[in-house]
Amino acid sequence: LRAAVASFLGAGSNPPPVDLATLDRSTVDALTDASARLHDTLGWAGNERDVVLSRVGDGVLMVDPHGVVQFVNRAQSERLGLPHDRIVGRRLIEVLPDYEIYESVRRCLATDREERVVVETGPGKRLLNVSVAPLGGQRCVIVLQDRTELRRLERVRREFVSNISHELRTPLATLKLLSETLSLDGAEDPEVLRDYLGRIEIEVDRLVQMVDELGELSLIETGQVALERTAVPVARLAGRAVERLDAQAARAGLTVTVDIPDGLPDVYGDERRLERVLVNLLHNAIKFTPSGGTIRVSAREDNGVVVVSVRDTGPGIAAEDHERIFERFYKADRARSSTGTGLGLSIARHTVELHGGRIWATSVEGQGSTFSFTLPVSVA
160 LRAAVASFLG AGSNPPPVDL ATLDRSTVDA LTDASARLHD TLGWAGNERD
210 VVLSRVGDGV LMVDPHGVVQ FVNRAQSERL GLPHDRIVGR RLIEVLPDYE
260 IYESVRRCLA TDREERVVVE TGPGKRLLNV SVAPLGGQRC VIVLQDRTEL
310 RRLERVRREF VSNISHELRT PLATLKLLSE TLSLDGAEDP EVLRDYLGRI
360 EIEVDRLVQM VDELGELSLI ETGQVALERT AVPVARLAGR AVERLDAQAA
410 RAGLTVTVDI PDGLPDVYGD ERRLERVLVN LLHNAIKFTP SGGTIRVSAR
460 EDNGVVVVSV RDTGPGIAAE DHERIFERFY KADRARSSTG TGLGLSIARH
510 TVELHGGRIW ATSVEGQGST FSFTLPVSVA
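Each residue of the sequence shown is one higher than the last, beginning at 160 in this note's numbering.
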């Protein structure tokens with residue numbers, strides 16, 4: 160009680176002693192009750208602090224003057240892959256072995272000033288903004304903000320600007336050259352005129368296709384596409400897609416086969432957009448498969464979904480490119496993929512995901528590639 164009253168009445172760090180003998184019983188009872196309420200309030204505030212910090216997305220740790228962790232929030236515990244009791248009570252350098260962070264904490268404890276540092280740590284090369292702030296009593300709080308995804312998005316943005324500039328530069332340069340040549344000496348020859356106008360039309364069509372596909376991709380990514388879902392027979396879907404590219408495959412000297420088993424259930428989705436997915440995958444296969452090769456479209460049912468696959472006998476895809484082939488404008492082999500916009504696979508991925516499915520590629524260099532995607536089975 161004496162300690163509680165002293166805490167309640169304390170002034171500064173060295174409160175004067177309180178002689179309880181000089182206080183009447185009612186005063187002692189009032190002080191005791193007030194002290195209890197104060198401790199309850201402080202305890203509640205501490206619990207609220209822990210609850211709030213546990214829900215913060217950034218990692219938060221608190222260390223004592225010896226660098227021993229006194230508190231860790233849920234986000235940082237999950238990020239480290241360690242339970243709470245294996246972090247609290249251990250030295251910071253043991254649970255977060257990064258020299259730059261450790262030195263920032265040491266300087267903060269020594270100078271009582273905030274420290275900031277950007278580090279790349281962990282096996283996944285996570286980019287962290289680290290802020291170390293003094294708390295008083297030679298303690299400090301460490302806030303770790305994961306900026307890895309922002310760095311990835313910035314890289315994608317830069318590549319997007321670079322790629323679209325590249326994709327636009329080629330047809331625009333061709334159009335400029337054709338128009339200049341035509342204006343100089345080709346306008347009087349009907350054959351030359353038809354040839355040049357045909358080339359101009361091809362380049363304009365390419366630009367229109369790119370603009371259309373960019374617009375389509377933007378609508379899908381921002382969730383502004385309304386799907387017109389119906390029960391769609393997979394055989395009809397595959398047949399129409401193959402028919403649209405049959406002439407192109409024949410010119411390339413390729414054989415396209417369709418293997419859809421009888422009794423395969425219909426899928427539930429937007430037929431026009433799903434046909435576009437298959438067309439994009441087939442176009443990609445035709446583009447990379449050498450003359451004399453084969454392309455096979457197949458489908459099967461698997462645990463309530465239909466898996467549709469397009470397999471080719473092309474050169475395959477390098478392992479380092481597997482994770483990026485569905486990105487906008489990404490081309491695994493730019494030397495061989497100058498045709499097309501580089502948006503087809505990205506549109507295919509977003510369309511499949513919009514239908515609640517997933518899409519992936521399996522490939523070994525020199526042994527061809529298989530692009531597969533899943534679609535929900537129609538329950539109608």
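All residues carry an ideal CB built from backbone N, CA and C; glycine is no exception. Values in this document were obtained by computation on a predicted structure and should not be read as measured data.
Straight-line Cα distance separating A444 from T333: As a working note, residue 333 is residue 174 in the sequence shown. As a working note, residue 444 is residue 285 in the sequence shown. Cα to Cα, T333 sits roughly 27 Å from A444.
Between the alpha carbons of S531 and L343, how many angstroms are there, rounded? Within the sequence shown, the letter at position 372 stands for residue 531. Within the sequence shown, the letter at position 184 stands for residue 343. Each residue's alpha carbon lies about 51 Å from the other.
Expressed to the nearest angstrom, what Euclidean distance is found between the alpha-carbon atoms of T453 and G527? On the sequence shown, position 294 is the one that residue 453 refers to. On the sequence shown, position 368 is the one that residue 527 refers to. Their backbone Cα atoms lie some 10 Å apart in a straight line.
What are the boundary residues of the beta strand (DSSP E) that includes E460? What you label residue 460 is simply residue 301 of the sequence shown in a count that begins at 1. Per DSSP, E460 belongs to the beta strand (DSSP E) from 453 to 461.
Classification of H509 by the beta-carbon crowding that lies within 10 angstroms, buried from 16 upward: Within the sequence shown, residue 509 is the residue found at index 350, counting from 1. By the 10 Å Cβ count, H509 comes out buried.
Apart from the five residues on each side of it in sequence, which residues of its chain come closer than 8 Å, Cβ to Cβ, to S522? Taking the sequence shown and counting its residues from 1, one reaches residue 522 at position 363. Cβ within range, chain order: G475, I476, H481, S528, T529.
Please tell me whether G428 and L376 are closer than 8 Å, where the distance is taken between their beta carbons. Counted from its first residue, the sequence shown places residue 428 at position 269. Counted from its first residue, the sequence shown places residue 376 at position 217. Not in contact: G428 and L376 (Cβ atoms no closer than 8 Å).
If you check the beta carbons only, do L506 and N439 fall under 8 Å apart? Here residue 506 refers to the residue found at position 347 of the sequence shown. Here residue 439 refers to the residue found at position 280 of the sequence shown. The residue you asked about is not Leu; residue 506 is Ile in the sequence shown. In contact: I506 and N439 (Cβ atoms closer than 8 Å).
Can you find the residues in the same chain that come closer than 8 Å, C-beta to C-beta, to E279, ignoring five residues on each side of it along the sequence? Residue numbering aside, residue 279 sits at position 120 when the sequence shown is read from its first letter. So the list reads R285, L286, L287, once near-sequence residues are dropped.
Please classify E279: does DSSP put it in a helix, a strand, or coil? Position 120 of the sequence shown, counted from the start, is the residue given in the question as residue 279. Of the three classes helix, strand and coil, the one that applies to E279 here is strand, per DSSP.
Which residues bound the beta strand (DSSP E) around G374? Here residue 374 is taken as the residue at index 215 of the sequence shown, counted from 1. Counting along the chain, G374 falls outside any beta strand (DSSP E), though it belongs to the alpha helix (DSSP H) covering 349 to 380.
Along the chain, which unbroken stretches of the beta strand (DSSP E) at least 3 residues long are found entirely within the segment 415 to 483? 426 to 429, 453 to 461, 464 to 471
Contact under 8 Å by Cβ, T389 with E362: Here residue 389 refers to the residue found at position 230 of the sequence shown. Here residue 362 refers to the residue found at position 203 of the sequence shown. In this structure, E362 does not lie closer than 8 Å to T389 by Cβ.
Measuring CB atoms only, is the segment 260 to 270 touching the segment 235 to 244, in the sense that at least three cross pairs come out at less than 8 Å? no
Mark A478 as exposed unless 16 or more other C-beta atoms lie within 10 angstroms of its C-beta, in which case mark it buried. To locate residue 478, count along the sequence shown from 1; it is residue 319. Classification of A478: exposed, given that the 10 Å Cβ count is below 16.
Does N206 pass the burial test, meaning 16 or more other C-beta atoms within 10 Å, or should it be called exposed? One-based indexing of the sequence shown puts residue 206 at position 47. Residue confidence is low: N206 scores 49 on pLDDT, short of 50, so the model does not pin down where it sits. Its coordinate-derived value is still stated next. So N206 ends up on the exposed side.
Excluding the five sequence neighbours on either side, which residues of its own chain have a C-beta within less than 6 Å of the C-beta of Q541, listed in chain order? Missing from the structure shown is residue 541; the chain here goes from 160 to 539 and no further.
Between the CA atoms of L327 and L545 - distance to the nearest angstrom: As shown, the chain starts at 160 and ends at 539. That puts residue 545 outside it, with no answer to give.
Do the CB positions of L441 and L396 come within less than 8 Å of each other? Counting from 1 along the sequence shown, the entry for residue 441 is found at position 282. Counting from 1 along the sequence shown, the entry for residue 396 is found at position 237. Not a contact, by the Cβ cut-off of 8 Å.
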